[in-house]
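FYI, the numbering for the sequence shown is 660 to 699, going by my numbering.
Data first, discussion second: the structure below is written as structure tokens.
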Amino acid sequence: RHDVVWEWVKGHAGHPENERADALARAGMAPFKPDPNDKA
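Spelled out as structure tokens, the structure:
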């Protein structure tokens, strides 16, 4: 069992850890995003 604490952090406010989480999320999803230049 783990104790979890949720903290609200205002998005897009320059919070370093939130910005890092956003960058990691974008990088993790990048392989699954469609290529806008793909004409298929």
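The C-beta atom is built at its ideal place from N, Cα and C for all residues, glycine as well.
- For Glu-666, no alpha helix (DSSP H) segment is defined, and its DSSP state is neither H nor E.
- Shown here for Met-688: not one same chain residue has a beta carbon closer than 8 Å to its own, the five before and five after excluded.
- With respect to the 7 Å criterion, His-674 and Val-668 are classified as neighbours on the basis of their beta carbons.
- The alpha-carbon separation between Asn-696 and Gly-670 amounts to approximately 30 Å.
- The three-state secondary structure of Arg-679, taken from DSSP, is helix.
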